[in-house]
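Asks: Just passing along the structure, written as structure tokens.
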Amino acid sequence: MSAAAALAFAAASAIAGEFSLQGVPQARMEYEGTGFRQTPNGWELKVKPWTPAAGFRWRASVTPKLAWQAQYWVNRSAYFMEDGNTQAGPLRQTGQTRQSLEALWVDLRRPLGGSSVEAVAGVHGVHQSFRRKSIVFNTLPEAETALDTQTGAGLHLGFHARRGPREGRPGYWEGEVLLGHLVWTRNNNPTEGGSIHRGGYTYAVRLEAGRVFGRARLGLGYTRQLYEILVPGGRALPTGAAASLPINKTDFFGPYLSLGWTY
Amino acid sequence: MVVLGLILLTGPWGVASSLETGRPTLSVTFLPTAVLRYRGEGKILPQGYVNRTENQRAPLYRLEWRQNPGPGGSWGISLWHTGVFGGGLFKPERVPDAAPGSTYQTNLLNVGFTNLFVTFHRPLEGWPLEAEISLSVAREIFKRKSFVVQGVPAPMGFDDVNEISAEGIGFGLSGRHGGRLYLRWRAAANYYVQIFDAKTDASAGQIFQSEGGVGWRVGRFTLEAGGLYQFWFILSQGNRRLEVPGTAGAVISYNRQQTTLGGAHLKINARY
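In order, the protein sequences belong to chains A and B.
With my numbering applied, the first sequence corresponds to residues 44 to 306, in that order.
With my numbering applied, the second sequence corresponds to residues 5 to 276, in that order.
Shown next, in the form of structure tokens:
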């Protein structure tokens, strides 16, 4: 079945479609991990990386009234300061964390009856990792480093609207809103003891406008994505510092540049 | 599933949709043996806490009204409810203490909800499917009683009710395939914020619903049987305790909560 689907997609892609490379010069990411921990101290970790990100979007027509689209995003990870929840007294965790995020959204799109607005249904996957070092917990330096990874797969529904260039007007705009639910999640360091550790939810919003130059397009857009991944986290390092948490929320957003062409 | 979907969409049986009915409909969906599973995680200084709950029997009732469907779309309203008044049961809840294996608190808990969805349905071009966009108000209700905190029973009559509410927007997709005998399915994802709870994180949660069933049409009525599943994750301020003399207080709210509900359903539609 997957081979047939791949063949169908390949055939469709050869007929008509468009491909865009997208770059975010300074994508903003905000991560917040909360929930159960093996040790009772502390409660949440936050890191806010601000690094470039990039992706592509590939859309092709299957029939005149049916299209599919794949959208992929990845950030360039780098170490940023992570701060744990401060509590009464000196309880606190700080450190350096490198968060990487990859997300792939693949879906089918069909217009509503009598409208150019498309209904969207598809699947998506997300993978993120956290490399933690230079951890200090309650003024105690932690000798160990930690690698925490989380993966999720889900379904999404949404709507997409666009207006292409018309006679004498080379501009275009398009936008989409997708809401997703993660049906499967896993992490590399499962821990017993928490209570919320399955499922999750996502969204992806994208707005883009630009100008068409023949088969090429140059656009400016904005994307905002949320990945809330629930896993059996909560692992603690020897000092009591958190190496992972079960409720993981990552916001990814920023303006992007899009360079595309139709074929 | 993909093959089944393609068969349903492209086959000759993929022609019946609600557009055929030509009248407004009123329907009642009942899940008499639905099971609700609730999990909470929160914080009380200086330590975080989680709960342990048993699955609850939680009969679910859904009342729906749907405008006369048309090619340009139609409106509908649905009200979902489960709780003690509908036959929901109290089940034990336990809050572990910081020391491994110890218990801070036990009590009985019933989780219910009353959720209202206002939905616009519009058919897809050439397929017997409908896309949905909805606005909703969701309200989750927690009833607790029979508290024992740090080994100290609460006074007689000591109980608590607290609620979380959120407002959301949702997208859905549904299909109905067949004629007198039909197959119906639906999936919807709703994203929530909490307009009246400014101290709670802006990302307030999600309700995801999926359902499917087989029905039979007789005159103006249809009778359908199938299954329904709902996933609900929501944030709240949490971190509240009630005073129980001689203790550090009874835990009555959490910051992160997950509630799932599922079961077999019966649905009756009436066109009028």
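Glycine is no exception: its CB is placed at the ideal position from the N, C-alpha and C atoms.
For the segment 134 to 143 of chain A and the segment 111 to 125 of chain A, state whether three or more C-beta atom pairs, one from each stretch, are separated by less than 8 Å.
Replies: Short answer: they touch.
Asks: Would you kindly work out how many angstroms separate the C-alpha atoms of residue 122 (chain B) and residue 244 (chain A), rounded to a whole number?
Replies: Near 22 Å, if we compare the C-alpha coordinates of residue 244 (chain A) and residue 122 (chain B).
Asks: Which residues bound the beta strand (DSSP E) around residue 77 (chain A)?
Replies: It spans 60 to 77 - the beta strand (DSSP E) in which residue 77 (chain A) sits, taken as one unbroken run.
Asks: Report buried or exposed for residue 186 (chain A), applying the criterion of at least 16 other Cβ atoms within 10 angstroms of its Cβ.
Replies: So residue 186 (chain A) ends up on the exposed side.
Asks: In or out: residue 287 (chain A) buried (at least 16 other Cβ within 10 Å) or exposed?
Replies: Buried is the call here.
Asks: Within a Cβ cutoff of 7 Å, which residues of the same chain sit near residue 246 (chain B), ignoring the five residues on either side of it in sequence?
Replies: Cβ within range, chain order: 164, 253, 254, 256.
Asks: For residue 260 (chain B) and chain A, any beta-carbon pair shorter than 8 Å?
Replies: So, interface residue.
Asks: Per DSSP, what kind of secondary structure is residue 162 (chain B) in: helix, strand or coil?
Replies: Reduced to three states, the DSSP call for residue 162 (chain B) is coil.
Asks: Give the residues from the segment 52 to 83 of chain B that approach chain A closer than 9 Å (Cβ to any Cβ), ordered along the chain.
Replies: So the list reads 52, 53, 54, 55, 56, 57, 75, 76, 77, given in the order they occur along the chain.
Asks: Relative to the alpha-carbon of residue 66 (chain B), which residue among B:72, B:76, B:36, B:93 has its alpha-carbon at the smallest distance?
Replies: Taking only the C-alpha atoms, the option nearest residue 66 (chain B) is B:36.
Asks: Taking buried to mean at least 16 other C-beta atoms within 10 Å of its own C-beta, is residue 160 (chain B) buried or exposed?
Replies: Burial call: exposed.
Asks: Excluding five sequence neighbours on each side, which residues of the same chain lie with their C-beta closer than 8 Å to the C-beta of residue 160 (chain A)?
Replies: Excluding positions up to five away in sequence, the list reads 154, 202, 203, 204.
Asks: Please identify, using Cβ separations under 7 Å, the residues of the segment 158 to 180 of chain A that lie next to chain C, in order along the chain.
Replies: The chain labelled as chain C is not found among the protein chains of the depicted structure, namely A and B.
Asks: For residue 154 (chain B), go through chain A and note every residue whose CB falls closer than 8 Å to its CB, in chain order.
Replies: Under the 8 Å cutoff, chain A gives no residues; its nearest Cβ is about 16 Å from residue 154 (chain B).
Asks: Below 8 Å on the Cβ atoms is my guess for residue 213 (chain B) versus residue 234 (chain B); work out the distance and round it to an integer in Å.
Replies: The Cβ separation is near 5 Å, so the contact holds.
Asks: Taking residue 90 (chain A) as the reference, which of A:198, A:291, A:215 has the closest Cα?
Replies: Taking only the C-alpha atoms, the option nearest residue 90 (chain A) is A:291.
Asks: What span of residues does the beta strand (DSSP E) with residue 99 (chain A) cover, start to end?
Replies: Counting along the chain, the beta strand (DSSP E) containing residue 99 (chain A) begins and ends at 93 to 106.
Asks: Chain B partners of residue 77 (chain A), CB-CB under 9 Å?
Replies: Those within 9 Å of residue 77 (chain A) in chain B are 45, 47, 52, 259, 260.
Asks: Please list the residues of the segment 239 to 258 of chain B that have a C-beta atom closer than 7 Å to any C-beta atom in chain A, keeping them in chain order.
Replies: Going along the segment 239 to 258 of chain B in chain order, one finds no residue with a Cβ nearer than 7 Å to chain A.
Asks: On the CB-based measure, 16 or more other CB atoms within 10 Å of its CB, does residue 127 (chain B) come out buried or exposed?
Replies: That one is buried.
Asks: Relative to chain B, which residues along the segment 221 to 239 of chain A have a C-beta separation below 7 Å, given in chain order?
Replies: Of all residues in the segment 221 to 239 of chain A, 222, 223, 224, 237, 238, 239 have a Cβ within less than 7 Å of some Cβ in chain B.
Asks: Going by DSSP, which residues form a beta bridge with residue 171 (chain B)?
Replies: According to DSSP, residue 171 (chain B) bridges with B:141, B:197.
Asks: Smallest Cα separation from residue 190 (chain A): which of A:249, A:280, A:183?
Replies: Closest by alpha carbon: A:280.
Asks: Return helix, strand or coil for residue 176 (chain B), following the three-state DSSP convention.
Replies: In the structure shown, residue 176 (chain B) sits in a strand (DSSP, three-state: E or B).
Asks: Among B:77, B:109, B:114, B:96, which has the Cα closest to the Cα of residue 89 (chain B)?
Replies: Of B:77, B:109, B:114, B:96, the residue nearest in Cα terms is B:114.
Asks: Within 10 Å of its beta-carbon, does residue 59 (chain B) have 16 or more other beta-carbons around it, so buried, or fewer, so exposed?
Replies: It is exposed - the Cβ of residue 59 (chain B) has fewer than 16 other Cβ atoms within 10 Å.
Asks: Can you tell which of A:264, A:198, A:248 has its C-alpha closest to the C-alpha of residue 254 (chain A)?
Replies: Taking only the C-alpha atoms, the option nearest residue 254 (chain A) is A:264.
Asks: Compare the beta carbon distance of residue 223 (chain A) and residue 240 (chain A) with 8 Å and say whether it is the shorter of the two.
Replies: The answer is no: Cβ separation not under 8 Å.
Asks: Going by Cα to Cα distance, which pick from B:120, B:31, B:262, B:182 is closest to residue 236 (chain B)?
Replies: Comparing Cα-Cα distances from residue 236 (chain B) to each of B:120, B:31, B:262, B:182, the minimum goes to B:262.
Asks: Over the uninterrupted beta strand (DSSP E) stretch that includes residue 272 (chain B), give me the two end residues.
Replies: Note, residue 272 (chain B): beta strand (DSSP E), 260 to 275.
Asks: State buried or exposed for residue 215 (chain B), treating a residue as buried only when at least 16 other CB atoms are found within 10 Å of its CB.
Replies: So residue 215 (chain B) ends up on the buried side.
Asks: Check this for me: beta carbons of residue 270 (chain A) and residue 65 (chain A), under 8 Å apart or not?
Replies: No, the Cβ-Cβ distance between residue 270 (chain A) and residue 65 (chain A) is not below 8 Å.
Asks: In chain order, what residues of the segment 152 to 181 of chain B put their CB closer than 9 Å to some CB of chain A?
Replies: So the list reads 173, 174, 175, 176, 177, given in the order they occur along the chain.
Asks: Please report the straight-line C-alpha distance between residue 185 (chain B) and residue 271 (chain B), rounded to a whole angstrom.
Replies: Each residue's Cα considered, the two are about 14 Å apart.
Asks: Which two residues bound the contiguous beta strand (DSSP E) that contains residue 228 (chain A)?
Replies: Residue 228 (chain A) -> beta strand (DSSP E) spans 214 to 230.
Asks: Of all the residues that make up the segment 111 to 136 of chain B, which are near chain A by a beta-carbon distance shorter than 7 Å?
Replies: Per Cβ criterion, the list reads 126, 127, 128, 129, 130, 131, 135.
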